Amino acid sequence: MRMLSIIPLIAVALFAQSPQAGNAENGKKLFVKFGCYTCHGYQGQGGAAGAKLAPKPIATAALIAYVRHPSGSMPPFTAKVVSDAELTDIHAFLASVPSPPVAKDIPLLNQ
Numbered sequence: 197m198r199m200l201s202i203i204p205l206i207a208v209a210l211f212a213q214s215p216q217a218g219n220a221e222n223g224k225k226l227f228v229k230f231g232c233y234t235c236h237g238y239q240g241q242g243g244a245a246g247a248k249l250a251p252k253p254i255a256t257a258a259l260i261a262y263v264r265h266p267s268g269s270m271p272p273f274t275a276k277v278v279s280d281a282e283l284t285d286i287h288a289f290l291a292s293v294p295s296p297p298v299a300k301d302i303p304l305l306n307q
């Protein structure tokens with residue numbers, strides 16, 4: 197009987213830890229709207245002032261925590277400026293960016 201009362205708790209814990217999907221299309225718009233591209237590049241590839249964010253971004257929760265309390269020259273963005281849901285969409289966009297091709301797969305480079 198005791199085991200049955202633990203099962204719902206385990207289900208809730210697993211659900212709480214599951215990654216949020218987000219909307220990549222909206223995330224791309226938000227990435228531009230909030231000016232993320234000015235430091236991180238239009239595809240999150242990184243730039244002179246910002247780190248590479250894509251194609252394999254950090255976990256959604258880590259991205260949200262970092263945006264709220266960044267280090268270095270990045271300004272903090274409160275939930276009043278960009279919500280967790282919007283950051284989840286931005287994360288989905290970054291995760292949707294394809295990896296660049298490997299040099300050996302580019303014919304022009306192999307001539």
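The sequence shown runs contiguously to residue 307 in this note's numbering.
Glycine included, C-beta positions come from ideal geometry on N, C-alpha and C.
Since this is a predicted model, take the numbers as computed values, not measurements.
*asked:* Am I right that A220 and A288 are in contact with their C-beta atoms under 8 Å? What's the rounded C-beta distance?
replied: The sequence position of residue 220 within the sequence shown is 24, counting from 1. The sequence position of residue 288 within the sequence shown is 92, counting from 1. About 4 Å separates the two Cβ atoms, so the contact holds.
*Through-space distance from L283 to A261, alpha-carbon basis*: What you label residue 261 is simply residue 65 of the sequence shown in a count that begins at 1. What you label residue 283 is simply residue 87 of the sequence shown in a count that begins at 1. C-alpha separation (whole angstroms): 10 Å.
*asked:* Considering only their Cβ atoms, is the gap separating V278 from V293 smaller than 8 Å?
replied: Position 97 of the sequence shown holds residue 293. Position 82 of the sequence shown holds residue 278. Not in contact: V293 and V278 (Cβ atoms no closer than 8 Å).
*Cβ distance (whole Å) where G226 is taken to contact D285 below 8 Å*: Walking along the sequence shown from the start, residue 226 turns up at place 30. Walking along the sequence shown from the start, residue 285 turns up at place 89. As written in the sequence, residue 226 is Leu, which differs from the Gly given in the question. The beta carbons of L226 and D285 sit about 6 Å from each other, so the pair counts as a contact at 8 Å.
*Give the C-beta separation of P174 and L290 to the nearest angstrom, bearing in mind that I take them to be a contact with Cβ-Cβ under 8 Å.*
Past the boundaries of the shown model lies residue 174; the chain is included only from 197 to 307, so the question cannot be answered.
*Range of the contiguous alpha helix (DSSP H) that encloses G280*: As a first step, residue 280 must be located in the sequence shown, where it is residue number 84. The sequence shown places Asp at residue 280, not Gly. Counting along the chain, the alpha helix (DSSP H) containing D280 begins and ends at 280-292.
_Is the beta carbon of C235 closer than 8 Å to that of G243?_
Here residue 243 refers to the residue found at position 47 of the sequence shown. Here residue 235 refers to the residue found at position 39 of the sequence shown. Yes, these two residues count as a Cβ contact at 8 Å.
*How long is the line joining the alpha carbons of Q224 and P297, rounded to whole angstroms?*
Sequence index remark: in the sequence shown, residue 224 carries index 28 (1-based). Sequence index remark: in the sequence shown, residue 297 carries index 101 (1-based). Per the sequence shown, residue 224 should be read as Lys rather than Gln. One C-alpha to the other measures close to 21 Å.
*Using only alpha-carbon positions, find the residue among Q307, A245, D280 that is nearest to A258.*
In the sequence shown, counting from the first residue as 1, residue 258 sits at position 62. Here the closest residue by C-alpha is D280.
*Anticipated Cβ contact below 8 Å, A245 with S269, distance rounded*: Translated into positions along the sequence shown, residue 245 becomes position 49. Translated into positions along the sequence shown, residue 269 becomes position 73. So it is a contact: roughly 7 Å between Cβ atoms.
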